[in-house]
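Everything in the sequence shown is counted per my numbering, starting at 639 for the first residue and increasing by one.
Written out below as structure tokens is the structure these notes cover.
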Amino acid sequence: EYVREGQRFTARARGETVLSAGSIGSVQILQRSGVGPGEWLHSLGIDVRHDISGVGRNLQDHLQHRAIYRVSGVPTLNRAYHSMVRRALMGMRYGLFRTGPLSAAPSQLGLFMRSSDAYETPNVEFHAQPLSLDRFGEPLHRFDAFTLSGCNLRPTSRGTVRISDRSVSAEPVIAPNYLSTPEDRQVAVDILRATRRLVGQPALGRYHPEEYLPGVQVGDGEEELVRAAGEIGTTIFHPVGTARMGRRDDPGAVVDGRLRVFGLGGLRVIDASVMPHIVSGNTSTPTIMIAQKGAEMMLEDARNGVPVRRILAR
């Protein structure tokens, strides 16, 4: 069932139904349909069609720590943003030659590193941006600055996504539980210390970088940096894992190796929510891979005559 322009419609499938609304959206659809943790659904007065505890659990995301540094002697996009003339020139440059700031992504430099010798492979990714702002959606600062964001690629913290009401217009309750483990807090401390080392290199000296966030008033002690990490940390929009794939004997798994929902026939989830663990990098390409593989498996099962309505019992 779905609503369009105030009207409710019902669509029926002869074959399979595929949920592909992402780690937040697919979970909401499942839970409102009575598929999810029974205690959560009962508390909202929703009839439990299928009690499966993993729906909405195991939320993982890449928390980025957005350190901001004021600079001098070099223009940044902050200056251009607040100048109608500069914005017009940027637009003309892109329109005529497909060059200039509008031809590049906001993050123009990336860096992978190990936060400590405890890791054999890089567990931190940095993004550098020639701009700064207090939070996404707000105007850029009026002073020249750049942002250097470091994020933990393999977080151990786990969160939840659960609906707050039966209404489709109600916003979900998203609890990422960032920095809830000692490992994640230590990596956050190491990231902020590494950020200061990077900005302190001689190559940047001529731009006189001055720490705006977390701020020069924040010392280098672990307690101070953990608190600062929580204050400047924000999502990098990589939520995964809320309908994770697993073995049949895994009580927290939602889908099997062919992305079919356990205990239900004719229903698959094909999006980033099926990842058991978040990938050590951006999630876009792996999600595209999941989509392609899921489509191939659906076609393969159809060719081999696998019954769509077969119940996948535990």
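Note that the Cβ used here is the ideal one computed from N, Cα and C, for glycine as well.
For the alpha helix (DSSP H) that GLU860 lies in, which residues bound it at each end? Residue range 860 to 870 is occupied by the alpha helix (DSSP H) that includes GLU860.
Pop quiz: ASN761 and SER770 are said to be a contact at Cβ under 8 Å. What is the actual Cβ separation, rounded to whole angstroms? The pair is not a contact, with the Cβ atoms about 25 Å apart (cut-off 8 Å).
Quick check on ALA813: does DSSP put it in helix, strand or coil? strand
Mapping the DSSP letters down to three states, classify ILE706 as helix, strand or coil. strand
Range of the contiguous alpha helix (DSSP H) that encloses VAL827: Element bounds for VAL827: 820 to 837.
Can you find the residues in the same chain that come closer than 6 Å, C-beta to C-beta, to ALA951, ignoring five residues on each side of it along the sequence? With a pLDDT of only 49 at ALA951, under 50, the local geometry of the prediction cannot be trusted, and the value read off the model is given with reservation. Taken in chain order, the list of residues that qualify is empty.
Which ranges does the beta strand (DSSP E) cover as unbroken runs of at least 3 residues, wholly within the stretch 703 to 781, from first to last along the chain? Taken in chain order, the complete beta strand (DSSP E) segments of 3 residues or longer contained in the stretch 703 to 781 are 747 to 751, 762 to 767.
Can you tell me the Cα-Cα spacing of GLY733 and PRO768, whole angstroms? 21 Å
Helix, strand or coil, according to DSSP, for PHE647 in the structure here? Residue state, collapsed to three classes: strand.
Secondary structure at THR923, three-state DSSP: helix, strand or coil? helix
Spatial neighbours of SER710 within its chain, please: C-beta separation below 6 Å, excluding the five flanking residues on both sides. Cβ neighbours of SER710 beyond the five flanking positions: HIS846.
Taking the CB atoms as reference points, tell me whether THR794 and ASP755 lie closer together than 7 Å. no
Rounded C-alpha distance that separates ILE949 from VAL665: Its pLDDT being 48, under 50, ILE949 is placed unreliably in this model, and the value from its coordinates should be taken loosely. Cα to Cα, the separation comes out at about 20 Å.
If you run the structure through DSSP and keep just helix, strand and coil, what is ARG906? It is a strand residue.
Supposed contact pair ALA866 and VAL907 - C-beta distance, whole angstroms, cut 8 Å: The Cβ separation is near 37 Å, so there is no contact.
Which same chain residues, not among the five before or five after MET693, have their C-beta less than 8 Å away from its C-beta? Per the sequence presented here, residue 693 reads as Val, with Met not at that position. VAL665, LEU668, GLN669, VAL673, GLY674, PRO675, THR880, ALA881, VAL892.
Measuring straight from C-alpha to C-alpha, what distance separates ASP828 and GLU861? 12 Å
Local Cβ density within 10 Å of LEU817, reported as buried at 16 or more and exposed below that: buried
Tell me which residues share the same chain as ALA766 and place their Cβ nearer than 6 Å to its Cβ, disregarding the 5 neighbours each side in the sequence. LEU747, LEU786
Length at least 4, wholly inside the stretch 648 to 686: the alpha helix (DSSP H) runs in chain order: 660 to 670, 676 to 681
Is it right to say GLU763 is buried, meaning 16 or more other beta carbons lie within 10 angstroms of its own, or is it exposed? buried
Backbone CA spacing between GLU922 and SER741 [nearest angstrom]: Reading off the sequence shown, one finds Ser at residue 922, where the question assumed Glu. Those two C-alpha atoms are separated by around 20 Å.
Assuming PRO924 contacts SER661 (C-beta within less than 8 Å), just tell me the rounded distance between them. Contact between PRO924 and SER661 fails: their C-beta atoms lie close to 12 Å from each other, not under 8 Å.
Which of the three DSSP states, helix, strand or coil, is assigned to LEU791? coil
Run of the beta strand (DSSP E) containing THR880, from where it starts to where it stops: Where THR880 is concerned, there is no enclosing beta strand (DSSP E), given that its DSSP letter is neither H nor E.
Only counting the same chain, and skipping five residues up and downstream in sequence, which positions put a Cβ closer than 7 Å to that of ARG885? ALA891
Inter-residue CB distance, LEU830 and PRO852 (contact presumed, cutoff 8 Å): 7 Å
Rounded to whole angstroms, how far is the Cβ of GLN698 from the Cβ of THR872, which I believe are closer than 8 Å? Going by Cβ atoms, the distance from GLN698 to THR872 rounds to 15 Å, so no, they are not a contact pair.
The beta strand (DSSP E) enclosing VAL899, as first and last residue numbers: Counting along the chain, VAL899 falls outside any beta strand (DSSP E), and DSSP gives it neither H nor E.
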